[in-house]
Structures are given as C-alpha cells and as structure tokens.
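Asker: So that we are looking at the same thing, I have put the structure below in structure tokens.
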Amino acid sequence: MTTTGQPDGTHVGTRADEGAEHLDPISATDYYSDRDEFADSVDGGAVFNAGGGDWDQIAKDVATLGAERIVVNMGPQHPSTHGVLRLILELDGETVREARAGIGFLHTGIEKNMEYRTWVQGTTFCTRMDYLTPIFNEAAYCLAVEKLLGITDQIPQRASDIRVLMMELNRVGSHLICLATGGMELGATTIMTVGFRERERILRFFEAVSGLRMNHAYVRPGGVAQDVLPEHLDLLESELPALRRGVTELERLILENPIYKGRTVDVGHLSLTACMALGVTGPILRSTGLPHDLRKAEPYCGYETYEFDVITRRDMDAYSRTVIRMEEIWQSLRIAEQAIERLRASQGEPVMVADRKIAWPAQLSVGADGQGNSLDHIREIMGESMESLIHHFKLVTEGFRVPPGQVYVPIESPKGELGVHLVSDGGTRPYRAHFRDPSFHNLQAASALAEGGLVADVIVAVASIDPVMGGVDR
Amino acid sequence: MTSTGPETPDKTPPSQTTTRDAEHQPARTEEQVVDTTTAQAGDAVRPSTPGEPVVVARRQGMFGGTLGTDTSGYGGLDVPVLLPGGAERPYGSYFDEVVDALQAAAPEAFESGVEQVVVDRGELTLVVRREHLRALLQVLRDDARLRFELGLGVSGVHWPEQTGAELHAVYHFASITHGMRRVRFDVSCPEDDPRVPTIVDIYPANDWHERETFDMFGIVFEGHRGLTRILMPDDWAGHPQRKDYPLGGVPVEYHGATIPAPDQRRSYK
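Just so you know, the sequences run in chain order A and B. For the record, in the first sequence the residue sitting at position 339 is 339 according to my numbering, with numbers rising by one throughout. For the record, in the second sequence the residue sitting at position 200 is 674 according to my numbering, with numbers rising by one throughout.
Next up, the structure:
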C-alpha cells in the first residue's frame, strides 16, 4: 500500500523486523539507499506494509498522516481463476479514482515459439493461449493458414461442420466458466460448482473426440485431426438433456437472484461510444444493443447456413452481459444440434483436405492402448508402402510450404473478435504469427469500467469482461 | 546428391526462382495446385493484376545451418522471398471504393503517403509512409464514406534483410458501419531509426497494442503517453520477437542422446 504524503519519507512507526506487530510505513531510506531515486519512484510517498498488521491501526495511521488517496495493489493474483492479473487502484475512501491493469505475468512467448515449429505444430502452441477457448484459437489459426495456402474452398464440408460443433460447445464451456467464476468472485460458490459441473459434460465429449480435455490441437490446417464418430455423437446427445437442465438451473440461480442483481445491475457501465472508441467486441459490445457478431457479419466455416440469433441487451451493465452469455449458451446449443444432425448425415465423408501435400497423413484412432495414429495407417507405412512412409516422414518432419504473404483472419470467440495476423515467407514455418486476443484488447476497458465506482464493483466489472490471462499475455 | 542419373549432367547448384518440380510433382487438379514460391490468389476476390512483387528476403539452401550441413542436395539454392506487390486498378470488391474515398478525403496525404495498394488473398493492404500515417487514419475513422471505427491493434513484423524498412508495424481496421469492411495499413521504419507516430489519440484501443509492439520489436511509437514494456519485465534487455533475438531453450538429454534447443536444431527452411 502506498500513500502520498510524507514527502520527506520520515519514519512512522517501526519496522516489522524490529518488533512492531501492526503496520509499518517504511521510509524511503529503508528500501533505497539513494533518496532521490525513491522520490522518483513513488512520488515521495510512504510505503505501508500490511503484513501481520491490524487494519484499524493501519487506517488510524493513514488518517494521522492525512493521506486521502490510497493506492492499493490488487493482485498479482486476485481476480480469481482468470489468471494472474494485477490491478493498481487509486482509492478515495471506497471510490476508485484510477484503475490500471498490470499484465504480463503469464507471458509464455507462444508467438515467438511458433516461428520455430512447422505450420501444423503451430496449433499445438496456439491452443494454449486462451485456455478456455482452445478450439477457437486453433480454428482461427487454421483458417489463417488455409487462407494463406488458398485452400479455403477445398476444406471438406464435414470438417467445417465439425469445427462449428466444437466451437459452439467450446463457447458454451467458456461462457459457463465465465458465469461460474463470476459468481465465485461474488462469493456465490454454488454458481461456481454448477457452472463447472455442466462444463464437465462438454469436456467429456471433447476428451472422447480429441483425446484431451483442454489444449486439444484438434483443428489442423486442412481439416481436423480425427473424425467425429457416431458413438461420440451418441455420447454428446446423451449429455445434452442434462446440460440443458443444468443451464436452466444456473439461470434460475442467477437471473432473478436479488443478491446477484444487486451486485451487477448498473455496474460496469460501458456505452456504445466507449465500446467503439476502445474497440471492444463480444458480449460487452452486444450489451449496448449493437448486434455485432462476426458469425453473422463475416461468416466463416459455413455459419451462414446455420440458424441462430444474435443476442443483445441495452443496459450496458454487468448484469446484461451475464444475460447475454446465458442466452448465447442456448443459441450455441441450437447451432450444435443442427451440426449434430449434419454430422449424422455426412458420416464417412472426409474431414481433411484432399491435397495430400498438405493433409496430415494419419488420422488418429483409439486403439487398445489409448489414442494414437490409426493402425491402418501404421500398417500401410510400416509394412506395405515405402512411398507412404517417405511421404509421412517428409510431411511430418519437414511440413508443407506456404506461399509468401500476410493474412488477417477474424472469428467470433466467446470474448469478442479473435484475429490472427499470419505472415509467411514461403517456408515451412510461420514467419510471424500474431494473435489479436479479445481478452487483451477488452481488458483495456477495465479502467473505464471501474473508475468512479466502488472497490467491490471492480471485481464485478473485470469479471464481466471475462478476461483470460493466458490469452492476454500469450 | 551422389546418384547422378543421366538426366542430371549439370552439377552446378540450381539457382532458380521457383522450387516447383514441374516433372515430378504429384498429379493435382488445377485448383489444388499451390505455388509455394510466389504469392497467389486465395479467395474469389482477386480481379486486379498484381504488380511487381517485393523482395523482402532471400532464402538460401534447403536444410540445416549455414556451415555446410545442408545434406538435402539443395545447398546452393538461392530463392528470393517475394511478397505480393502493388495492384493495378480495378482492385475489386469494396477496395476501389475505400481507396477512392481515402484519396478524396485526404488528397495530399494520400498522394505522398500511400506507396502501394496491395490486394492479396481477398485483403486490402495500404503500404503507407510513417509521416502520413496519422493524417490518413484521421479520415479513415472520421470520414462518413470510410468510417473504420474499430481499430484492431498493431503487430510488428521484422524483415532483417529489407534494408531501410526492417521493422514493419501492421495495423488492422474494420468498419461495422459499412458491413464489416476491413483494411490493413503497413508502415515500415528502419532498424536504426525505429520511430512510428502513435495513433492512440485517434484509436485509443491501440494503447496496449503499441506497448506490446514496442516491447516485442522495439518500435518507438512517438507521442504515446506511457510507452513502457507490457509483457516482458520492465528491466528486460532486447526485444524478443525480433528475428535476431534467440529463442533460447536448453538442449535435452534423453537416453544418452542430446537434442539441441529448438532454435539450434537442424530444420527445413
């Protein structure tokens, strides 16, 4: 905690290691031998340590110092389960005067790493960015690679339908987590357990199809890694009624809950003008009444052939964003049903592009010892065809080449516009991959949402952005 | 390499502009053919004729490092990396309309600022001089015919071999008003003078994006109110996503064999 005041950095109280139990405003000289340097760093203010302290005592000492504005460091950590975020709040009493977000704690250099792997390996990296929307990261990346290759039109219909199904279920999962953790941040743990419980049903389906619950690397340039089999669809359809009941339960728990409404209605206000200025997309933009959804505005993967509505509200607050997410879950399930129907009809059609110089040579399948390359394929390359083996080896180790150029491919992720800026130099690896992650972009609005409100509302406002730091920091 | 058949009597290393093997490539239908050396059309939107492609780098050899470890037989290969060049009118789609409106709204800045209009893979790119970037973007946002209200951020691209324009700042904009039109601005600056004017006052949402691009590429966005590192620690040295910045990593030992770090491994280029 830092206050302004104490410009001379005088010692107030004693330091904890010298025996004081309560607080200890530590003077400049304790931290910095050079006092000028200190003056630069915190404007000559005194630093209060709250360790092992008594808050009454701290408040009294602050009052003694006459410091009205307090800078509070929320995090790095606090806003639960979104990842490591640091909020620096300048408070006047309980009112937030200034809010800044400090990010970068989860930076993993994914974009740089992708430059050292083949185009196909890129999916394995980018799926880990926003870990709640892995399918979206993969799909956006693969659509960009396909656009660079110029094979967008050759992607089999079935592959696109599978992508749509996976994306929409992933959207349900992401929204459930957003609602669940949003509830938990308010102290409503039942919302949290119900949300996570229902998401589990979707993860079960993902695991059956791709072998993994998260970070699937399932969508590949040219198609998908493995076909969705009838038994997978059976599993999904057996889970869907329970999922619907669960979502209804969540609706009953949240939407007319007086405490929830008390915490979220008229909190985190962001008008359409502000959204436009800040380039905010996703549920926050739709909570201002603008029906902007890239699935309708710029359809990809055949979204124009699906029936669904774009949900909007006009209240511009955290509650309307909750309602939008809730309604979008129903719309996603509506799309998922249509996709299931199509996948039942197109069973057996290819799920990977026909061009053998791009298509991953093997499909995965489940064997006696778990999931791996399909046994038919192993038999072919190891026992029957030397050329197949060479082909497999070349494509897996060397990869395919992508013509030079740059593309930008946007898709509607649960959080807003997820854009991929991909540059190729004609080689077997991405020359540059940049992800315009909606969490990163929208988190800039945290200041606008929080300033002027109360400290407690900061959490609600940030939760209504639904930032996931894995995507923010990449 | 060693097996020289009768049809390859010439031992000089191949120096050619395309790596396509016309004779031995697998049979493909016309629309499946992907030329991997030069840029080519993607979507249906490609009516305009591309101009002279731009050489941004050269690729030498096929495999491994530069110390004669290329065992592919293509060690002497020297291919230019060609990005699509300026397009001729008509550009097709809504691109003509956007370019015309931009020209009409800011004639002077357009005249001296827009170096190239590139239409590639159904996307419109304006290659713009940095001095005129702000004047063009101001009308791009404000003019009713353009109205690109969404600034979708900036990302950097480093082409170390493109002398005088090593660092590129690439901006994307979208217009909801005109039914999701998109345009890309490509601004370059030399490595020894890495300055590009900020556009945060025009598109406030570019704040963090500019900080990220500064952090990762060292492009200084002049006029930005708080251009500090955003993802890397404040005291970090260097700009990690530049091409001359190593990826890092440690060699991995497994069953007695050592596998080098990812950026040290031999690989295809």
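Ideal Cβ placement from N, Cα and C applies to all residues, glycine included. Keep in mind that this is a model prediction, so the values were computed, not measured.
1. Which runs of the beta strand (DSSP E) spanning at least 3 residues fall entirely within the segment 611-660 of chain B, listed in chain order?
2. Would you say the beta carbon of residue 242 of chain A comes nearer than 7 angstroms to a heavy atom of the ligand HEM?
3. Any beta carbon of chain B sitting closer than 8 angstroms to that of residue 277 of chain A?
4. Assess contact between the segment 113-132 of chain A and the segment 378-385 of chain A, defined as three or more Cβ pairs (one per stretch) separated by less than 8 angstroms. Is contact present?
5. Could you tell me which chain B residues have their CB closer than 8 angstroms to the CB of residue 297 of chain A, listed as they occur along the chain?
6. Starting from the beta carbon of residue 103 of chain A, find every residue of chain C whose beta carbon is closer than 9 angstroms, and list them in chain order.
7. What is the rounded straight-line gap between the Cα of residue 377 of chain A and the Cα of residue 428 of chain A?
8. Is the beta carbon of residue 432 of chain A closer than 8 angstroms to that of residue 115 of chain A?
9. Can you check which of these residues, A:76, A:430, A:216, A:85, is closest to residue 371 of chain A by C-alpha distance?
10. How long is the line joining the alpha carbons of residue 290 of chain A and residue 437 of chain A, rounded to whole angstroms?
11. For residue 520 of chain B, which residues in the same chain have their Cβ closer than 6 angstroms to its Cβ, ignoring the five residues on either side in sequence?
12. Of the residues that make up the segment 623-640 of chain B, which ones have a beta carbon closer than 7 angstroms to any beta carbon in chain A?
13. When DSSP labels each residue in this structure, what does residue 359 of chain A get in the three-state scheme?
14. Determine, for residue 711 of chain B, whether the minimum Cβ-Cβ distance to residues of chain A falls below 8 angstroms.
15. I need the straight-line Cα distance from residue 302 of chain A to residue 145 of chain A, nearest angstrom please.
16. Spatial neighbours of residue 326 of chain A within its chain, please: CB distance less than 8 angstroms, with the 5 preceding and 5 following residues excluded, ordered by chain position.
17. Grab me the residues of residue 629 of chain B's own chain with a C-beta within less than 6 angstroms of its C-beta, minus the 5 sequence neighbours each way, in chain order.
18. Mind checking which residues open and close the alpha helix (DSSP H) that includes residue 274 of chain A?
19. Thinking C-beta only, is residue 119 of chain A closer than 8 angstroms to residue 399 of chain A?
20. Among residues of its own chain, excluding the 5 on either side of residue 424 of chain A, which ones have a beta-carbon nearer than 8 angstroms to its beta-carbon?
21. I'd like to confirm the pairing. Which residues does DSSP put opposite residue 92 of chain A in its beta bridges?
22. Just by C-beta distance, which residues in the segment 547-570 of chain B are closer than 8 angstroms to chain A?
23. Residue 126 of chain A by DSSP, collapsed to three states: which one?
24. State the CB to CB distance for the pair residue 469 of chain B and residue 689 of chain B, rounded to an integer number of angstroms; the pair is presumed to be in contact (CB under 8 angstroms).
25. Could you tell me which residues DSSP puts in a beta bridge with residue 552 of chain B?
26. Can a CB atom of chain A be found closer than 8 angstroms to the CB of residue 728 of chain B?
27. Starting from residue 82 of chain A, follow the beta strand (DSSP E) in both directions and report where the run begins and ends.
28. Are the C-beta of residue 415 of chain A and some C-beta of chain B separated by less than 8 angstroms?
29. Across which residues does DSSP place residue 405 of chain A in a beta bridge pair?
30. Can you find at least 3 beta carbon pairs, one from the segment 632-642 of chain B and one from the segment 671-682 of chain B, that sit closer than 8 angstroms?
31. Using 8 angstroms as the limit for Cβ to Cβ distance, is residue 646 of chain B near chain A?
32. Does chain B have any CB closer than 8 angstroms to the CB of residue 133 of chain A?
33. Which residues in chain A have a C-beta closer than 7 angstroms to the C-beta of residue 531 of chain B? List them in chain order.
34. Which residues does DSSP pair with residue 600 of chain B in a beta bridge?
35. Within the chosen definition, does the segment 156-167 of chain A reach the segment 292-308 of chain A through at least 3 CB pairs nearer than 8 angstroms?
36. Taking residue 420 of chain A as the reference, give the member of A:411, A:435, A:413 with the closest Cα.
Answerer: Here's the rundown:
1. Listed in chain order, they are 624-632, 641-649.
2. This structure lacks the ligand HEM, and indeed carries no ligand of any kind.
3. With 8 angstroms as the cut-off, residue 277 of chain A counts as an interface residue toward chain B.
4. These segments do not touch.
5. Residues of chain B passing the Cβ test: 650, 653, 654.
6. Absence of chain C from the displayed structure is noted, the protein chains being A and B.
7. Using only the alpha carbons, I get a separation of about 24 angstroms.
8. For the 8 angstroms CB-CB criterion, residue 115 of chain A and residue 432 of chain A form a contact.
9. Closest option to residue 371 of chain A, judged by alpha-carbon separation, among A:76, A:430, A:216, A:85: A:216.
10. Approximately 21 angstroms, taken between the alpha carbons.
11. For residue 520 of chain B, the pLDDT reaches just 43, beneath the cut-off of 50, and the residue's location in the model is therefore unreliable, leaving the point undetermined.
12. Within the segment 623-640 of chain B, the residues whose Cβ lies closer than 7 angstroms to some Cβ of chain A are 623, 624, 625, 626, 627, 629, 631, listed in chain order.
13. If DSSP states are grouped into helix, strand and coil, residue 359 of chain A belongs with coil.
14. Among the residues facing chain A, residue 711 of chain B is not included, as its CB has no counterpart in that chain under 8 angstroms away.
15. A direct Cα-to-Cα measurement between residue 302 of chain A and residue 145 of chain A gives close to 17 angstroms.
16. Closer than 8 angstroms at Cβ, skipping near neighbours: 175, 179, 247, 250, 251, 254, 255.
17. Counting only Cβ-Cβ distances below 6 angstroms, and skipping sequence neighbours, we find 644.
18. Taken as a continuous stretch (DSSP letters only), the alpha helix (DSSP H) holding residue 274 of chain A covers 272-278.
19. For residue 399 of chain A and residue 119 of chain A, yes; Cβs fall inside 8 angstroms.
20. 148, 402, 403, 404, 405, 406, 430, 431, listed in sequence order.
21. DSSP lists A:69, A:95 as partners of residue 92 of chain A.
22. For the segment 547-570 of chain B, which is checked against every Cβ of chain A, the residues closer than 8 angstroms are 553, 555, 556, 557, 558.
23. Under the three-state reduction of DSSP output, residue 126 of chain A falls in the helix class.
24. Outside the shown range of chain B (475 to 743) lies residue 469 of chain B, about which nothing can therefore be said.
25. Residue pairing by DSSP puts residue 552 of chain B in a beta bridge opposite B:534.
26. With 8 angstroms as the cut-off, residue 728 of chain B does not count as an interface residue toward chain A.
27. Taken as a continuous stretch (DSSP letters only), residue 82 of chain A belongs to no beta strand (DSSP E), as it is neither H nor E.
28. Judged by the 8 angstroms Cβ criterion, residue 415 of chain A is not in contact with chain B.
29. According to the DSSP secondary-structure assignment, residue 405 of chain A is paired through a beta bridge with A:424.
30. Two segments are said to touch when three or more pairs of C-beta atoms, one from each, lie closer than 8 angstroms; by this definition the segment 632-642 of chain B does not touch the segment 671-682 of chain B.
31. Residue 646 of chain B belongs to the set of residues whose beta carbon lies under 8 angstroms from a beta carbon in chain A.
32. Closer than 8 angstroms: no.
33. Going along chain A in sequence order, the residues near residue 531 of chain B (Cβ under 7 angstroms) are 425.
34. Bridge partners of residue 600 of chain B: B:591, B:659.
35. Per the Cβ contact rule, the segment 156-167 of chain A is in contact with the segment 292-308 of chain A (3 or more Cβ pairs under 8 angstroms).
36. With respect to the C-alpha of residue 420 of chain A, the residue from A:411, A:435, A:413 having the closest C-alpha is A:435.
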